[in-house]
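Novice: Handing you this structure, nothing more for now.
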Amino acid sequence: MTAEPATASSITISSDSKTPPPTAKAATPPAPLAARDDDAIERTPEIVWKEEWPRFRTSEYVATGLFAAASFAALVIPPTETRWTSITTFDRKARSALRFASQGNRDVARDTSDLLLTLMTNQLLFDTFIMTWWSHGKGSVAWQMGMINLEAIALNGAVNGLIAGFASRERPYREACVGPAERQIRDCRESKRYRSFFSGHTSTSFTSAGLMCAHHANLPLYGGGAAEAWMVCLGGFATAATVGLMRVMSDQHFMTDVLTGAAIGTAAGLGVPWLLHYRGGARASERPAKAGAISIQFVPTLLGGSIVGGF
Amino acid sequence: VAQRTGAIALAAAVALSLLGAAPRAALAQDPSDIPPSQGDLPAAGGGFDLATKRAFWRGSGETRAFIAATLEAGIIYYRTQLAAGYGKPHWSWVGLEGSASVAPSGVSEYAGLRASLPMVDARLGARYTLSTNQYMLLPQAQYTRYDTEYKLGPRSRYSVLEAEVSGSLRAPGGSIFAVATGYAVLGTPAPYFIFEDSLKVIIAPPYIYRFRAGYIAQPTREGTLKIGGTAELIGIPGRDAFVIRAGPALNVALTHHLDAVGALAVVIASPDSLGLVGADLATLGLRYRWATGDRWPDFP
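Just so you know, the protein sequences line up as chains Z and S, in that order. For what it's worth, the numbering used here labels the leading residue of the first sequence as 1, then goes sequentially. For what it's worth, the numbering used here labels the leading residue of the second sequence as 1, then goes sequentially.
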């Protein structure tokens, strides 16, 4: 047999709760899937969503959906090829100093920025689902973290998409875009050529770094303490800065694109969790219920699904 | 409560609708600058799925006629799989299945027959793939990433007949699995080659095959963590070539219905130099399983 023994179950979102599901009638419900080693849990600080931290609000669910909507809607903004083709002296000098001379090295730099961005977003998911939910057995805290992450990334995506679409700044690699359109690569042929300002890779990386920093500063995911917070914050922002640098070295962006992306990404990544949650100030209605788990059921439908239940 | 639930459902519906609209927007032009690994359709995961079955489903209901679903979302893709059959869903059953995947790089639809036992799985079906930014390729002996981006052929859209058999056995500390898949790509005009989106290789239609094997360790007592490695060989007879890839894979049970999944596959050998485009750098995703007749259906 290849799967685990059928000894476990329980499926409320507050997998922190040990309460068996109320619907179990026909058989003994399996135990919850939570942290596996009780001794290990006792040795580490507990992951707790403090009462003064507002939980993800209904308005935030709606806002996150709208931010995501704006992110995707911005994809269809048509480029205006002549809107922003000028290059500032600062951008020209930075490009001359940092851009790799060979196409091969520029490709490596672009791939590196792609890989690092993927690493950053994966780290967010790892902290949320593997560390918080699975390792610490705190499903409800992981849900809060996951939704905050989604909200900040969606906000950053919306701002980036709309500004990049309407600014329509031409990318620095424009000189390489020669020959018939069908013989040009996608970077030249398609409208992303006119979405230089501001760098989405950079802003998303800084958003991720800010989120990691905010979560680790408030939740002892790896054991807690100032060392954890500082290491994660410094590591995250250093990685994000490397992404930005690689975008200039690969000739994908100008320096002002990257600096703007870093500023907006940092604001979204640190601002959303702190302003809306970690700074506290939860009203009574935003605090978790004292008794009873959140009960939600999911029912797939043709276009996705419905969520029903009670809080 | 009703207002809050309604708002959440509305936001979810908006988000899901937008996921469906994304590739349509990108069809007109490809403005996104998403890394290759984060904009691709989810890779074909044969074999690993079998080795990561959750025994919860063995005891969650009687043998019965059922409808089941598997929903998977990651950065940035969404896949819905629906099944109608008889047996124990997600465990041991026979029936029909269909799936739809959407990502910035395209959409893919699959329908077919499936017979699944705890340790053996077989399926036969047809898949249709429409790429948002990929065009068919003029035949060459070798390709670079840039070669795959030229617009020298019609937009890449094709159908694939697929037949797959996979099996899994206990091994010390975990299990081993193996899967063999045959593909026949239809609907592509001569003489074009295509970049096959789920396998991430350039093929000369119509035939391809894949052998995949791996070991999955279960280091925790409850088996909630499954981590291992896979290697695969993809044969492309029309190019007289093959591709070898290998990498780690991860499956973590968060609840009995919800898993976190992730996989990485890097190219070991290939006639082409596609860089990240030819690799599978899927990010962590969430997979939720649902079925009618489930004794403990609470979400998630």
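Ideal Cβ placement from N, Cα and C applies to all residues, glycine included. Treat the numbers as computed from the prediction; the structure is a model and nothing was measured.
Please return the same chain residues whose Cβ sits closer than 7 Å to the Cβ of Ile268/S, not counting the five positions on each side in sequence.
Specialist: Only Ile244, Arg245, Ala246 meet the Cβ criterion.
Novice: Which runs of the beta strand (DSSP E), 3 residues or longer, sit entirely within the segment 132-171 of chain Z?
Specialist: Those beta strand (DSSP E) runs which fall completely within the segment 132-171 of chain Z and span 3+ residues do not exist here.
Novice: What does a CB cutoff of less than 6 Å around Gly275/S pick up in its chain, not counting 5 residues either side in sequence?
Specialist: If we look at Gly275/S and ignore the five residues flanking it on each side, its Cβ neighbours are Arg145.
Novice: I need the DSSP call for Ser96/Z, collapsed to helix, strand or coil.
Specialist: Helix, per DSSP.
Novice: Can you tell me whether Ser250/Z is helix, strand or coil according to DSSP?
Specialist: Reduced to three states, the DSSP call for Ser250/Z is coil.
Novice: Tell me which residue opens and which closes the beta strand (DSSP E) that Phe177/S is part of.
Specialist: 174-186 is the span of the beta strand (DSSP E), which, as asked, contains Phe177/S.
Novice: Of the choices Ser105/S, Phe66/S, Tyr78/S, Tyr77/S, whose alpha-carbon is the least far from that of Tyr86/S?
Specialist: Among Ser105/S, Phe66/S, Tyr78/S, Tyr77/S, the Cα nearest to that of Tyr86/S is on Phe66/S.
Novice: How would you label Asp240/S, buried or exposed, when you count the other beta carbons within 10 angstroms and need 16 or more for buried?
Specialist: Classification of Asp240/S: exposed, given that the 10 Å Cβ count is below 16.
Novice: Can you find a C-beta in chain Z that's less than 9 Å from the C-beta of Ile75/S?
Specialist: So, interface residue.
Novice: Residues in its own chain within less than 6 Å of Pro220/Z by CB, not counting five upstream and five downstream?
Specialist: These residues qualify, in order along the chain: Pro45.
Novice: Which of the residues in the segment 110-138 of chain Z, read from start to end, lie with their CB under 7 Å from any CB of chain S?
Specialist: Cβ contacts with chain S: Asp111, Asp114, Leu117, Thr118, Thr121, Asn122, Leu125, Phe126, Phe129, Ile130, Trp133, Trp134.
Novice: Count Cβ pairs between the segment 191-210 of chain Z and the segment 115-133 of chain Z that sit closer than 8 Å; are there 3 or more?
Specialist: Contact holds: three or more Cβ-Cβ distances are below 8 Å.
Novice: Between Pro300/S, Leu82/S, Ser156/S, which has its C-alpha nearest Glu196/S's C-alpha?
Specialist: If we check each option's Cα against that of Glu196/S, Ser156/S comes out closest.
Novice: With a cut-off of 9 Å, does the C-beta of Tyr146/S fall near any C-beta of chain Z?
Specialist: So yes, Tyr146/S belongs to the interface.
Novice: Using 9 Å as the limit for Cβ to Cβ distance, is Leu281/S near chain Z?
Specialist: Chain Z, which has a Cβ nearer than 9 Å to the Cβ of Leu281/S, makes this yes.
Novice: Compare the C-beta of Gln184/Z against all C-beta atoms of chain S and say whether one is closer than 9 Å.
Specialist: Cβ-Cβ to chain S under 9 Å: yes for Gln184/Z.
Novice: Verify the CB distance criterion: does Arg106/Z have a CB-CB separation below 9 Å to chain C?
Specialist: Checking the listed chains, one finds no chain C in this structure; the protein chains it contains are Z and S.
Novice: Report buried or exposed for Trp178/Z, applying the criterion of at least 16 other Cβ atoms within 10 angstroms of its Cβ.
Specialist: According to the sequence displayed, residue 178/Z carries Val and not Trp. The residue is exposed, with fewer than 16 neighbouring Cβ atoms inside 10 Å.
Novice: Does the beta-carbon distance from Gly182/S to Ala204/S come in below 9 Å?
Specialist: Against a cut-off of 9 Å, the Cβ pair of Ala204/S and Gly182/S comes out as no contact.
Novice: Could you give the C-beta distance for Ile148/Z and Phe56/Z, rounded to a whole number, given that I count them as a contact under 8 Å?
Specialist: At roughly 7 Å, the Cβ-Cβ gap stays under 8 Å, so Ile148/Z and Phe56/Z are in contact.
Novice: Taking all protein chains shown into account, do 16 or more other C-beta atoms lie within 10 angstroms of the C-beta of Lys138/Z, making it buried, or fewer, making it exposed?
Specialist: Classification for Lys138/Z: buried.
Novice: Measuring alpha carbon to alpha carbon, tell me which residue in Ala111/S, Asp280/S, Lys88/S, Gln134/S is nearest Leu96/S.
Specialist: Taking only the C-alpha atoms, the option nearest Leu96/S is Ala111/S.
Novice: Look at the Cβ atom of Ser99/S, then the Cβ atom of Ser116/S, and state whether they are nearer than 9 Å.
Specialist: Their beta carbons are not under 9 Å apart, which means Ser99/S does not touch Ser116/S by this criterion.
Novice: Take Gly223/S as the anchor and find which of Ser105/S, Ile34/S, Val102/S, Thr52/S has the nearest alpha-carbon.
Specialist: Taking only the C-alpha atoms, the option nearest Gly223/S is Thr52/S.
Novice: Would His215/Z pass as an interface residue toward chain S - the criterion being a Cβ-Cβ separation below 9 Å?
Specialist: Answer no: the Cβ-Cβ gap between His215/Z and chain S never drops below 9 Å.
Novice: Identify, in the order they occur along the chain, each residue of the same chain with its Cβ nearer than 6 Å to the Cβ of Leu161/S, setting aside the five sequence neighbours on each side.
Specialist: So the list reads Ala126, Ala184, once near-sequence residues are dropped.
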